[in-house]
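Heads up: the sequence shown at position 72 corresponds to 72 in full-length UniProt numbering, and the numbers run straight through without jumps. For every residue, glycine included, the Cβ atom is placed at its ideal position computed from N, Cα and C. Just below is one structure, and these are the notes that go with it.
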Amino acid sequence: MSLTPWLTTQTGAPPLGNGGHSTNSQHRQPSPNNNFLHLIMMTQDQGMLQAQADQVASAARIARLEDAILLLLVN
1 MSLTPWLTTQ
11 TGAPPLGNGG
21 HSTNSQHRQP
31 SPNNNFLHLI
41 MMTQDQGMLQ
51 AQADQVASAA
61 RIARLEDAIL
71 LLLVN
């Protein structure tokens, strides 16, 4: 499974910290609030990636269950 951030893959937005534009705010030390917000966004991103992985795994289990039910009905 790819570790590409969900927001980047769904919206085409650049990954956090790779905006490509140089501003004065990027040259300053990050504040505790900015660090906290970045941590929150990274955590949410990882949660979305995990939810996507869970959804794929659930779909595979449901497909196997449907196949098993069809085999029982045929016999």
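First and last residue of the uninterrupted alpha helix (DSSP H) at residue i
| i | result |
| --- | --- |
| residue 32 | 32-74 |
Residue-level contact to chain B via CB, residue i, 9 Å cutoff
| i | result |
| --- | --- |
| residue 30 | Among the chains in the structure shown there is no chain B, since it carries only a single protein chain. |
Spatial neighbours of residue i in its chain, beta-carbon cut-off 8 Å, leaving aside the 5 residues before and after
| i | result |
| --- | --- |
| residue 55 | none |
Own chain residues within Cβ distance below 6 Å of residue i, not counting five before or after
| i | result |
| --- | --- |
| residue 60 | none |
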